[in-house]
Each structure stands twice: as structure tokens, then as C-alpha cells.
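Below is one structure, written out as C-alpha cells; comments come after it.
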Amino acid sequence: MTDVSYRELSLNGLWKNNPAIVQLLGLCPLLAVTGSVVNATGLAAATTLVLVCSNTAVSLVRNIVSDAIRLPAFVMIIAAAVSCIELLMQAFAYELYEILGIFLPLITTNCVILGRADGFASRNGVVPAAYDGFVMGAGFGLVLVFLGAIRELLGTGALFANMDLLFGPDAAQWKITVIDDYPNFLLAILPPGAFIFTGLIIAGKNLVDARIKRRRDALKAAPVKGAKRVRVTGHIS
Amino acid sequence: MALLRVTSPHAHGPMSTPRVMQNVLLATVPGIVVLTHFFGFGTLVNLLWACLVALVCEAAALKLRRRPIGFYLKDCSALVTATLLAIALPPYSPWWLIAVGIACAILLAKHLYGGLGYNPFNPAMAGYVILLISFPLQMTAWTPPRGLGQTPGLVEALQACFWPSSYDGVTMATPLDLMKQNSSLLVADLWAQTPQFGRWAGLGWEWVNLAFLAGGAWLLYLRVFSWHAPLAMLASLGLFAAVFYDGGSSASGGSPLFHLLSGATMFGAFFIVTDPVTSAVSVRGRLVYGAMIGALVYIIRVRGNYPDAVAFAVLIMNFAAPLIDNYTQPRTYGRRRDGSEQ
Numbered sequence: 006m007t008d009v010s011y012r013e014l015s016l017n018g019l020w021k022n023n024p025a026i027v028q029l030l031g032l033c034p035l036l037a038v039t040g041s042v043v044n045a046t047g048l049a050a051a052t053t054l055v056l057v058c059s060n061t062a063v064s065l066v067r068n069i070v071s072d073a074i075r076l077p078a079f080v081m082i083i084a085a086a087v088s089c090i091e092l093l094m095q096a097f098a099y100e101l102y103e104i105l106g107i108f109l110p111l112i113t114t115n116c117v118i119l120g121r122a123d124g125f126a127s128r129n130g131v132v133p134a135a136y137d138g139f140v141m142g143a144g145f146g147l148v149l150v151f152l153g154a155i156r157e158l159l160g161t162g163a164l165f166a167n168m169d170l171l172f173g174p175d176a177a178q179w180k181i182t183v184i185d186d187y188p189n190f191l192l193a194i195l196p197p198g199a200f201i202f203t204g205l206i207i208a209g210k211n212l213v214d215a216r217i218k219r220r221r222d223a224l225k226a227a228p229v230k231g232a233k234r235v236r237v238t239g240h241i242s
Numbered sequence: 377m378a379l380l381r382v383t384s385p386h387a388h389g390p391m392s393t394p395r396v397m398q399n400v401l402l403a404t405v406p407g408i409v410v411l412t413h414f415f416g417f418g419t420l421v422n423l424l425w426a427c428l429v430a431l432v433c434e435a436a437a438l439k440l441r442r443r444p445i446g447f448y449l450k451d452c453s454a455l456v457t458a459t460l461l462a463i464a465l466p467p468y469s470p471w472w473l474i475a476v477g478i479a480c481a482i483l484l485a486k487h488l489y490g491g492l493g494y495n496p497f498n499p500a501m502a503g504y505v506i507l508l509i510s511f512p513l514q515m516t517a518w519t520p521p522r523g524l525g526q527t528p529g530l531v532e533a534l535q536a537c538f539w540p541s542s543y544d545g546v547t548m549a550t551p552l553d554l555m556k557q558n559s560s561l562l563v564a565d566l567w568a569q570t571p572q573f574g575r576w577a578g579l580g581w582e583w584v585n586l587a588f589l590a591g592g593a594w595l596l597y598l599r600v601f602s603w604h605a606p607l608a609m610l611a612s613l614g615l616f617a618a619v620f621y622d623g624g625s626s627a628s629g630g631s632p633l634f635h636l637l638s639g640a641t642m643f644g645a646f647f648i649v650t651d652p653v654t655s656a657v658s659v660r661g662r663l664v665y666g667a668m669i670g671a672l673v674y675i676i677r678v679r680g681n682y683p684d685a686v687a688f689a690v691l692i693m694n695f696a697a698p699l700i701d702n703y704t705q706p707r708t709y710g711r712r713r714d715g716s717e718q
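So the protein sequences, as listed, match chains X and Y. Each residue of the first sequence is one higher than the last, beginning at 6 in my numbering. Each residue of the second sequence is one higher than the last, beginning at 377 in my numbering.
Structure (C-alpha cells):
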């Protein structure tokens, strides 16, 4: 794999091969910490940072590390990156660090990261590897934040509560109360709600894919007006 | 002579799905009447609103799934789900509580799994449990039964349902709550000191349970279901209560009669446990299924966090029903138990 299409990489990470809703990797943090937007954003940012760092480092050492010991080596790299992120979070967002708790160190075992390290970074150059880490992290993070928003909105009737944990004291006013006097729908915040809404998001994605495919097929089948005989090879698009 | 090739089974059951569902609906009437007598019009308002929401949800789900809407609406299964959930909810529930419960029951528990006949969980109980864990406050607000307080009228019932912010209801701990919270009184003293207890169990509740027993007995007489699962459930619940009755001490979980006539026991035994879709199928399987539900009801009632347990017990055993069926397959005629030919 020498020539890498960045467009293809972006499309893969964000949609076609999205780690969270297509590969279904990293479900444990996805289900556990997406109770609110702020938690989801925190974990999404941490995971993306780790992915970029680990992909870059793995790509750098890909020609030195032998095949037999590559997995332990990659895990060491990932664990080192996670430790750095953890320390950073302790320094700059301590309260969020407390809330995310065990799920920060557990990023080490997130299959998305090891999967990308072994499946992509160990076979590609540094720049594509770092970019792949970024889009994969972004794809994962977007699903996390989307799920967090749905669950927070349905669970508490508000959005963006406690954003000051992540973005400093000014962000305390970001909270939007959508429905006043809302009886908290606890199921949305509890883990079963995470399963249900993840399933619904996956269903939604499949629906959109099916729509796109149908539209494309319809376009392909539609006769081109005016054109009677066109001498071309391949598809008319 | 032309012979028609007709495969077995040659005997047809006279009951169609709509017929069974209609009978089940009819059989809930005595229970609903007694509930209305003791707790006022709240149950009826619950029921009407729940049926309306259920029909809308069912029609919407069928439309999305491109199924014939009229055909499936006429089988009354959505109405049965709505009725069972409406009975289980506390009277004078707000409209949104009922709507969320019905929507979860019909859309999530029934149609996501493929509709009637494919749902692994009893839709009404799934909806009830979702509501119970989501809105514990609203779900435990039972009004005092007739004889202990004012029973609200029809206007107040409508107001409580459709304009909940303006309604100020009185709620009271149910007998199962009292029995659970009791830690210092002998059962006899508890009975004497709290007005919520009646002759055998809770005031009002004992008659509600007897009415559902009557409805269930009628269904049993019509052979809508077999006796195995409900009787196994009642027997095991009674047995557990008898074993742990402890002579009516302060640590007692309550007498067998109290448990058999409290909360949702009879309603659960004859209207929930007998669900043909989600229960075990074989005769021995139904005995195991019912008995396990009875045991779980007692354990969760006495040791768990929630006062009543029928919904939780039923859902847990819904999970287990395929496993039970796997281990209780009846012997095929002409073969040995291990499946080899004789």
C-alpha cells in the first residue's frame, strides 16, 4: 500500500468503516460513558489523541519490530500513549478524569486502537498512519458525542450540561434546557438505554446507506435523454 | 377415486388468534371492575388512553414494516398488550407515562423483534419494567383504596391523566411496601396497626386478585391455556412463602395467602405467565417455567429492591424459556427418550 487516498481514508473512518457503528469496536466505553455530552466528548478526545499518537509511533517503528513480537510492542506503545493522556487529563480536567475513571486506562484495550495499529499503521507511512488515526478517532468520537447527546437529551431534558468540566468555567453557561420540568427518563442514561440507542443509530445508518444505494441504482437505470448511441467503455455516470 | 393429499395435523383448534385475544380481553373485565371499584376511574382512563396509543403505535410499526395494517390490528394483540400494561400501571398515571410505556412495549419489545409471535419478551411486562426503572417515583404512586381515603371521580381521573401538573393526588404505601419495610413488628401487630391490611392480604388488593383469579379460571375453562404454568407459579410462590413464613415474626416475608392475594400475583399467573409466545412450550417446560417464576417472585419481593416482582420474574424467565424447552423436549412417539428408535 504505497499510494493512499486521503479521501478514501476519511470516508472509511467517518462513515463506511466507522469503528463504532460498523466495526462495532470499542463498545465498552461507548456504552459506559456516553450518558452525557461532556463525558462522551472527553472520552472521544482522549481516544482520538491516543489513536493519532499510537498510529504515528507504530508507523515509525514498523520496520524495526519483528512480526513475532509486534502485538506486545504495539500494546506497550498504546499503553504509554494512554498514560500520557491520563496524566494530561489529571492536570487539565481533573473532575472529568474522576468521572471517566477506569474507562481512561481502559482505552489501552480498546480494539479500535490495536486494530488500526496492526491493520493500518504497521503497513503505511507516518503521515497516512497519523491521518488514519485522526479520522478513525473522529468517526468513533462523533458517534460517541451523538449518542451522548441523544441520551442526555432524552434522559435529563437538557443538553451540554457541565461542559465546564472540559472547557473551563465559561462553558458552565452552555447548558440548554430543552424541556422544563422534565421527568428524568432514567432508561436513556442507564446502560440498557445505550444498547438500544446504539442499535437505533446503526439502523439509521443502514437506512441512509440503503437510500443512497437505491438512488444511485435509479440514476444508473434512468435512460439518458437525447442520447441514442454513445460509444463509450465502462459506465456512463 | 381422487384422494386429496392433506398433511397433518388433521384436527384444527377452533380458536383463532383474534378469538383468543378477545377472550383474554373479556377475562380481564372482572379484575378491571374490581380495580375501578377500589381505586376509582383511574384504571379506566389508563385503559382507554393506553388502547388508543397502542393502536396508533401498532399501525405506525406495521406501516413502516409494510404489513397489512387492518389485518394485524384486527387480531387485537395490541389491545391485549395495552390492557395488560394499563392494569399494571398505577391509576391516575400521567398521559406521557402511559404513552412511553406503550410505545416501548409495542415498538421495542414487539415489532423490533418481528411482531406477534416472534417477541422473546412479554411486551406489556417489558414496557412496565422500562417504566419502573425509568420513573420509579410515578410508578409507585398508588392511591389509597376505597375505605382508606377519598376515591377521585371521573373528572379528576381525566385531569390526572391529561393535565398532570394541575392534579394533586394522595398516594399511600401498598401492602407489599409495608411488608417489605417492616423490620420490628410481628406480622399480626403490623396487621393490627396499619389500616392497609384487610382480611387475608391488602385491603382491596385481595378482591382484585380474586377477580383476576375468576377471569383466569374462565380462560382455563375455555382452554385458552393449560393449567401447568399458572398453577406451578402459584404453588411455588405459596411454598416459598410457607417455608419462610417464620411463624409471623418480624423477619417474616408474609403468609402464603398474603403473597397469593397481593400485588400482581393472580394477574401475573393467569394473564402474563400464560403468554403462549414468550413462555416455555412443552408441558414439563411450562411446569418448570411457572415454578421458577413463582420462586423468583418471592425472592425479589422479599429480598430485592422493588416491592413487587412479577414483571422482573417474568422477563428473567422469558430469557430462560428457550433453554427450558431445550431440556424438556417430550419423547417422540415410537422413540426412546434419548431419541433412538425402539
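Even for Gly, the Cβ is constructed at its ideal location relative to N, Cα and C.
{"query": "Residues of the segment 482–515 of chain Y whose Cβ lies closer than 9 Å to any Cβ of chain X, in chain order", "result": "Leu484, Leu488, Ile506, Leu507, Ile509, Ser510, Phe511, Pro512, Leu513, Gln514"}
{"query": "Chain Y contacts made by the segment 93–112 of chain X, where a contact means CB separation under 7 Å", "result": "none"}
{"query": "Distance, Val505/Y Cα to Ile90/X Cα", "result": "40 Å"}
{"query": "is_contact[Leu191/X, chain A] using C-beta, thresh 7 Å", "result": "You won't find chain A in this structure, because its protein chains are X and Y."}
{"query": "Uninterrupted alpha helix (DSSP H) stretches inside the segment 573–639 of chain Y (no shorter than 4 residues)", "result": "581–597, 604–619, 632–636"}
{"query": "Through-space distance from Thr161/X to Met6/X, alpha-carbon basis", "result": "Interpretation of Met6/X is limited by its pLDDT of 48, a score under 50 that renders its predicted location unreliable; no figure is taken from the coordinates."}
{"query": "Cβ of Pro293/X within 7 Å of any chain Y Cβ", "result": "Missing from the structure shown is residue 293/X; chain X here goes from 6 to 242 and no further."}
{"query": "Proximal residues to Leu164/X (C-beta, below 8 Å), its chain only, five neighbours per side dropped", "result": "Val42, Ala154, Glu157, Leu158, Lys180, Ile181, Val183"}
{"query": "Pro394/Y vs Cys452/Y beta-carbon contact at 7 Å", "result": "yes"}
{"query": "Identified DSSP bridge partners for Glu717/Y", "result": "Arg711/Y"}
{"query": "Exposure of His386/Y, with buried meaning 16 or more beta-carbon neighbours within 10 Å", "result": "exposed"}
{"query": "Alpha carbon of Asn129/X to alpha carbon of Phe145/X, nearest angstrom", "result": "21 Å"}
{"query": "Helix, strand or coil at Leu164/X [DSSP, three-state]", "result": "strand"}
{"query": "Where Leu195/X meets chain Y, residues with beta-carbon distance less than 9 Å", "result": "Ile509, Ser510"}
{"query": "Straight-line Cα distance separating Tyr448/Y from Arg660/Y", "result": "32 Å"}
{"query": "Segments assigned alpha helix (DSSP H), at least 4 residues, entirely inside the segment 388–451 of chain Y", "result": "393–403, 405–415, 418–440, 445–449"}
{"query": "Chain-ordered neighbours of Ile74/X on chain Y, where CB pairs are closer than 8 Å", "result": "The premise fails here: Ile74/X is roughly 43 Å from chain Y at the closest Cβ pair, so nothing lies under 8 Å."}
{"query": "Among Leu192/X, Arg220/X, Arg221/X, Val150/X, nearest to Asn44/X - alpha-carbon criterion", "result": "Val150/X"}
{"query": "Contacting residues, own chain, Cβ-Cβ under 6 Å from Ala687/Y (five flanking each side not counted)", "result": "Met501, Tyr504, Val505"}
{"query": "The segment 203–211 of chain X in contact with the segment 166–173 of chain X per 3-pair CB rule at 8 Å", "result": "no"}
{"query": "Beta-carbon proximity check, Phe511/Y vs Pro188/X, cutoff 7 Å", "result": "yes"}
{"query": "Residue range of the unbroken alpha helix (DSSP H) whose run includes Leu111/X", "result": "Per DSSP, Leu111/X belongs to no alpha helix (DSSP H) and is neither H nor E."}
{"query": "Member of Ala618/Y, Ala697/Y, Ala475/Y whose CA lies at the smallest distance from the CA of Thr459/Y", "result": "Ala475/Y"}
{"query": "Sub-7 Å separation of Val140/X and Thr61/X beta-carbons", "result": "no"}
{"query": "Through-space distance from Pro571/Y to Gln526/Y, alpha-carbon basis", "result": "14 Å"}
{"query": "Which residues DSSP lists as bridging Arg522/Y, in chain order", "result": "Gly525/Y"}
{"query": "Helix, strand or coil at Thr182/X according to DSSP, with G and I counted as helix", "result": "strand"}
{"query": "Val382/Y classed as buried or exposed, judged by whether at least 16 other C-beta atoms fall within 10 angstroms", "result": "exposed"}
{"query": "DSSP-derived helix/strand/coil call for Met6/X", "result": "Per-residue confidence for Met6/X stands at a pLDDT of 48, beneath the threshold of 50, marking its modelled position as unreliable; the derived number appears in the next sentence. It is coil, neither helix nor strand."}
{"query": "Partner residues on chain Y for Ile201/X, Cβ-Cβ distance less than 8 Å", "result": "Leu484"}
{"query": "Rounded C-alpha distance that separates Asp622/Y from Phe616/Y", "result": "11 Å"}
{"query": "Same chain, Cβ closer than 6 Å to Arg441/Y, five either side skipped, listed in chain order", "result": "none"}
{"query": "Closest residue to Phe97/X among Ala177/X, Gly47/X, Asp123/X, Phe125/X (Cα-Cα distance)", "result": "Gly47/X"}
{"query": "Interface flag, Met6/X vs chain Y, CB-CB below 7 Å", "result": "Note that Met6/X scores a pLDDT of 48, beneath 50, so its modelled location is shaky; the value from the coordinates is reported in the next line. Met6/X does not count as touching chain Y."}
{"query": "Pair within 7 Å by beta-carbon distance, Ile118/X and Leu56/X", "result": "yes"}
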